[in-house]
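Everything on this sheet refers to the single structure shown next.
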Amino acid sequence: MSNKRKRIDLLYQGLTYFASSIAVIALSMIFIYVFRNGSDLLDFGLLVNDYHAEYYNADIEGNITYSTTPAPDGLEDNMYYSDKWGIAFEDTENREGKNVIRVVYIAEDSPMRDLNDKNNETSDTFGIEEGNIVTAIKFDDKASALPIYGAEHMINELDASDDFREIVFTSLGGGIRGSIISTLYVIGMSLLFSLPIGVFTAIYLNEFAPKNRVTNTLRSMVEVLTGVPSIIFGLMGLAVFVPLTVRYTSATSGNLISGSLTLGVILLPVIIRATEESLKVVPDALRNASLALGANHTQTTFKVVLPNALPGIMTATLLAIGRIIGESAALIFAIGTAVKDDISIFGKSTTLAVHIWSLMTDEPANIELASTIAVVILLIVLILNISVKLISMRYRKRYE
Amino acid sequence: MKTVFKIENLDLFYGEFQALKNISLEIEKNQVTALIGPSGCGKSTFLRCLNRMNDLIESCKIMGDVAYHDENVYDRDYDVIGLRTKVGMVFQNPNPFPMSIYDNIAYGPRCQGIKDKKRLDEIVHTSLEKAALIDEVKDRLNDSAMGLSGGQQQRLCIARAIAMEPEVILMDEPTSALDPIATLKIEELMNDLKKDYTIVIVTHSMQQAARISDKTAFFLMGELIEVDSTDTIFTQPKNQKTEDYITGRFG
Numbered sequence: 048m049s050n051k052r053k054r055i056d057l058l059y060q061g062l063t064y065f066a067s068s069i070a071v072i073a074l075s076m077i078f079i080y081v082f083r084n085g086s087d088l089l090d091f092g093l094l095v096n097d098y099h100a101e102y103y104n105a106d107i108e109g110n111i112t113y114s115t116t117p118a119p120d121g122l123e124d125n126m127y128y129s130d131k132w133g134i135a136f137e138d139t140e141n142r143e144g145k146n147v148i149r150v151v152y153i154a155e156d157s158p159m160r161d162l163n164d165k166n167n168e169t170s171d172t173f174g175i176e177e178g179n180i181v182t183a184i185k186f187d188d189k190a191s192a193l194p195i196y197g198a199e200h201m202i203n204e205l206d207a208s209d210d211f212r213e214i215v216f217t218s219l220g221g222g223i224r225g226s227i228i229s230t231l232y233v234i235g236m237s238l239l240f241s242l243p244i245g246v247f248t249a250i251y252l253n254e255f256a257p258k259n260r261v262t263n264t265l266r267s268m269v270e271v272l273t274g275v276p277s278i279i280f281g282l283m284g285l286a287v288f289v290p291l292t293v294r295y296t297s298a299t300s301g302n303l304i305s306g307s308l309t310l311g312v313i314l315l316p317v318i319i320r321a322t323e324e325s326l327k328v329v330p331d332a333l334r335n336a337s338l339a340l341g342a343n344h345t346q347t348t349f350k351v352v353l354p355n356a357l358p359g360i361m362t363a364t365l366l367a368i369g370r371i372i373g374e375s376a377a378l379i380f381a382i383g384t385a386v387k388d389d390i391s392i393f394g395k396s397t398t399l400a401v402h403i404w405s406l407m408t409d410e411p412a413n414i415e416l417a418s419t420i421a422v423v424i425l426l427i428v429l430i431l432n433i434s435v436k437l438i439s440m441r442y443r444k445r446y447e
Numbered sequence: 015m016k017t018v019f020k021i022e023n024l025d026l027f028y029g030e031f032q033a034l035k036n037i038s039l040e041i042e043k044n045q046v047t048a049l050i051g052p053s054g055c056g057k058s059t060f061l062r063c064l065n066r067m068n069d070l071i072e073s074c075k076i077m078g079d080v081a082y083h084d085e086n087v088y089d090r091d092y093d094v095i096g097l098r099t100k101v102g103m104v105f106q107n108p109n110p111f112p113m114s115i116y117d118n119i120a121y122g123p124r125c126q127g128i129k130d131k132k133r134l135d136e137i138v139h140t141s142l143e144k145a146a147l148i149d150e151v152k153d154r155l156n157d158s159a160m161g162l163s164g165g166q167q168q169r170l171c172i173a174r175a176i177a178m179e180p181e182v183i184l185m186d187e188p189t190s191a192l193d194p195i196a197t198l199k200i201e202e203l204m205n206d207l208k209k210d211y212t213i214v215i216v217t218h219s220m221q222q223a224a225r226i227s228d229k230t231a232f233f234l235m236g237e238l239i240e241v242d243s244t245d246t247i248f249t250q251p252k253n254q255k256t257e258d259y260i261t262g263r264f265g
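For the record, the sequence lines run as chains A and B. Each residue of the first sequence is one higher than the one before, starting from 48 at the first, in the working numbering. Each residue of the second sequence is one higher than the one before, starting from 15 at the first, in the working numbering.
Structure below.
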């Protein structure tokens, strides 16, 4: 008998071990995959750079004073330096995974620091900068030096010439600054819409509404809304908010406002429910104490109940922000999928999640950059979750 | 002796259940009236009728008269808020607000629209003084009230009630959650307070009723069995049930 019981115990325990190890493996595999693919590109430049590379065509004017600086220390095997022009190139890959030639060093006295911008003649101080991508150097007397021949060839060609007709270069590009900014805009605007409405609705439902069938119906409708797939909200955004914003603002299609409103509607039930939960845990003893002191219902609600529910509302807000950062389906409809660098709230743009989506629908898909953005999102969500934990810990302490 | 509350033929129902049956009782000024009886006998329910805290219970239905200075508090257009500022209440478990000691006491006056800082300082100070708490907290008025001990918290709640300058203070088993020393302090406090206030106290401890009250009312199964001066109740009860209860034969 006892042997049989032992075996059954072992079986059940084994099942729990098995299930939890599968869960752990699945989760860590996602993390490992994303980090392995994305960590190479993760640097500060990524966060502050534009996504679309800027093109420059430049030439050099007047008498050229060549550089006299010798090659700097620490040049690696794939870096090549021209003594005459004081510039070093390397073979590398850009954030889209294409082979490019990048400027890694420019000497102080390099003539490349004083170029003439052909697209903007008035600019005084214009030159090639470290990190720029060189796409061509054109000469008067021979064939152009192109990236397909590599950095060594380009440096040799340059070193052998006294002058060139034109140098074409671009900024690095592939950065996610625009998407970060529009994500921040969307977070701000959707919370601006959903937080006050959600919190006040929750206060009404929990503190003022008569306990009857209408209230209960309202509450269960809110609960149903929490479970509706976000793409349906996206359709609603496309059908309602996009035309509305196009009609009343300077927007011409999906824009940050319509996207934020759509997200705001998605967040409403989340915020209402979380706020209601945090209002419910405020002890009735506090309400009674306040009422017995001659405070009326409104004073009790806003002076005693609401301040005590604030940590819960904070938690709800952070969870909502997590939801905003992770949302893509609804926003594809309501904002659009065009990655932008100049953000206007009346214009199309992408949040980080939608940026991933548009990278993966490119031909070919840019898995590396998508993974890097995923890493950024994961880090933000991680920080948010830790803050949620810290806040609720402090909250619990108050009543103990 | 001046009568503050005059309760006549009070019936109270929670849904179908009748919790109070035809209660008539007078509560006199500057006296301590103790309500005793076994659990569920309706004494707390009765207490909560006096400042209409039963309004918060939806299924609660009340018939009869609860006259406060000859005005029935259950009249339709009676000013409940005004009643509660005149009839304060202290609960079984200390329930200070999770804010500073100062803010706890200033809460009531602030709700009545008193904003003047000087006036509030004065109210806070005198209330703490009357509640015999001032020496313990005067250096940390801005600390959280949650950091006080249970007995201190309960005296803070009394101070908070006093801050409203009420006429009557209702106490619903105010010492049942406290240790004997804190209980003793609160009993001493009540003895001081009855000079200025009328006190109605619900208590489970018959010794406490005997020690502090001038008048005792014995409740059983929603009925008021006997009410008389405390001495009479504890020495020569007229009703057999009262005698059985105070001698510990049941309850």
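A virtual CB, placed ideally from N, CA and C, is assigned to each residue, including glycine. Predicted model, so just to flag it, every value in this text is computed and none were measured.
Applying the 10 Å Cβ sphere with the 16-neighbour rule, what's the burial state of residue i?
{"i": "Ser-375 (chain A)", "result": "buried"}
{"i": "Ala-73 (chain A)", "result": "exposed"}
{"i": "Gln-250 (chain B)", "result": "exposed"}
{"i": "Pro-119 (chain A)", "result": "exposed"}
{"i": "Glu-85 (chain B)", "result": "exposed"}
{"i": "Arg-441 (chain A)", "result": "exposed"}
{"i": "Val-261 (chain A)", "result": "exposed"}
{"i": "Lys-16 (chain B)", "result": "exposed"}
{"i": "Arg-52 (chain A)", "result": "exposed"}
{"i": "Ala-421 (chain A)", "result": "buried"}
{"i": "Glu-72 (chain B)", "result": "exposed"}
{"i": "Asn-355 (chain A)", "result": "buried"}
{"i": "Glu-447 (chain A)", "result": "With a pLDDT of 45 at Glu-447 (chain A), under the threshold of 50, the modelled position of that residue is not reliable, and no figure is offered here."}
{"i": "Phe-91 (chain A)", "result": "exposed"}
{"i": "Gly-122 (chain B)", "result": "buried"}
{"i": "Gly-164 (chain B)", "result": "exposed"}
{"i": "Leu-338 (chain A)", "result": "buried"}
Look at the Cβ atom of residue i, then the Cβ atom of residue j, and state whether they are nearer than 9 Å.
{"i": "Ser-226 (chain A)", "j": "Val-401 (chain A)", "result": "yes"}
{"i": "Leu-142 (chain B)", "j": "Ala-175 (chain B)", "result": "no"}
{"i": "Ile-200 (chain B)", "j": "Arg-169 (chain B)", "result": "yes"}
{"i": "Leu-238 (chain A)", "j": "Ile-368 (chain A)", "result": "yes"}
{"i": "Ile-95 (chain B)", "j": "Asn-343 (chain A)", "result": "yes"}
{"i": "Lys-189 (chain A)", "j": "Glu-204 (chain A)", "result": "yes"}
{"i": "Gly-221 (chain A)", "j": "Leu-93 (chain A)", "result": "yes"}
{"i": "Thr-116 (chain A)", "j": "Ser-157 (chain A)", "result": "yes"}
{"i": "Met-220 (chain B)", "j": "Gly-56 (chain B)", "result": "no"}
{"i": "Phe-136 (chain A)", "j": "Met-236 (chain A)", "result": "no"}
{"i": "Asp-223 (chain A)", "j": "Val-423 (chain A)", "result": "Sequence check: residue 223 (chain A) is Ile here, not Asp. Yes."}
{"i": "Ile-390 (chain A)", "j": "Ile-234 (chain A)", "result": "no"}
{"i": "Ala-177 (chain B)", "j": "Gln-167 (chain B)", "result": "no"}
{"i": "Leu-326 (chain A)", "j": "Phe-111 (chain B)", "result": "no"}
{"i": "Glu-237 (chain B)", "j": "Lys-35 (chain B)", "result": "yes"}
{"i": "Thr-309 (chain A)", "j": "Phe-380 (chain A)", "result": "yes"}
What does residue i touch in chain B if you count any residue whose Cβ is under 8 Å from its own?
{"i": "Val-352 (chain A)", "result": "Neighbours of Val-352 (chain A) on chain B: none; closest Cβ ~10 Å, over 8 Å."}
{"i": "Gln-60 (chain A)", "result": "The contacting residues do not exist; Gln-60 (chain A) stays about 42 Å from chain B at best."}
Could you name the residues of chain B that residue i contacts, counting a contact when the two beta carbons are closer than 7 Å?
{"i": "Gly-341 (chain A)", "result": "Ile-95, Arg-98, Thr-99, Gly-122, Cys-125, Gln-126 and Met-178"}
{"i": "Ala-332 (chain A)", "result": "Phe-105, Asn-107 and Asn-109"}
Interface residues of chain A around residue i at Cβ under 7 Å?
{"i": "Gly-161 (chain B)", "result": "Neighbours of Gly-161 (chain B) on chain A: none; closest Cβ ~11 Å, over 7 Å."}
Could you tell me which chain A residues have their CB closer than 9 Å to the CB of residue i, listed as they occur along the chain?
{"i": "Pro-188 (chain B)", "result": "What Pro-188 (chain B) touches in chain A: nothing, since even the nearest Cβ is about 13 Å away."}
{"i": "Arg-174 (chain B)", "result": "Ala-336 and Leu-340"}
{"i": "Gly-102 (chain B)", "result": "Ala-339, Leu-340 and Gly-341"}
Using a cut-off of 9 Å between C-beta atoms, extract the partners of residue i located in chain B.
{"i": "Asn-355 (chain A)", "result": "Phe-111 and Pro-112"}
Which chain A residues are close to residue i, counting only those with a beta carbon under 8 Å from its beta carbon?
{"i": "Met-67 (chain B)", "result": "Asn-335, Leu-338 and Ala-339"}
{"i": "Gly-164 (chain B)", "result": "Correct list: empty, because the minimum Cβ distance to chain A is about 13 Å."}
Shorter than 8 Å, the distance from the beta carbon of residue i to the closest heavy atom of the ligand COA, or not?
{"i": "Thr-264 (chain A)", "result": "Absence of the ligand COA from the depicted structure is noted, as is the absence of any ligand whatsoever, leaving it without description."}
Those runs of the alpha helix (DSSP H) which lie wholly inside the segment 98 to 149 of chain B and span at least 4 residues: 115 to 125 and 131 to 144
Uninterrupted alpha helix (DSSP H) stretches inside the segment 188 to 264 of chain A (no shorter than 4 residues): 197 to 206 and 224 to 250
Contained alpha helix (DSSP H) runs [length at least 4] in the segment 312 to 356 of chain A, N- to C-terminal order: With a minimum length of 4 residues, the continuous alpha helix (DSSP H) runs that stay inside the segment 312 to 356 of chain A are 331 to 339.
Uninterrupted beta strand (DSSP E) stretches inside the segment 53 to 94 of chain B (no shorter than 3 residues): 74 to 82
Ranges of the alpha helix (DSSP H) found wholly within the segment 392 to 418 of chain A, counting only runs of at least 4: 399 to 408
Runs of alpha helix (DSSP H) lying entirely within the segment 178 to 222 of chain B, each at least 4 residues, in chain order: As summarised for the segment 178 to 222 of chain B, the continuous alpha helix (DSSP H) elements at least 4 residues long and confined to that stretch are 194 to 207, given in chain order.
Runs of beta strand (DSSP E) wholly within the segment 143 to 186 of chain A (minimum 3 residues, chain order): 146 to 153 and 180 to 185
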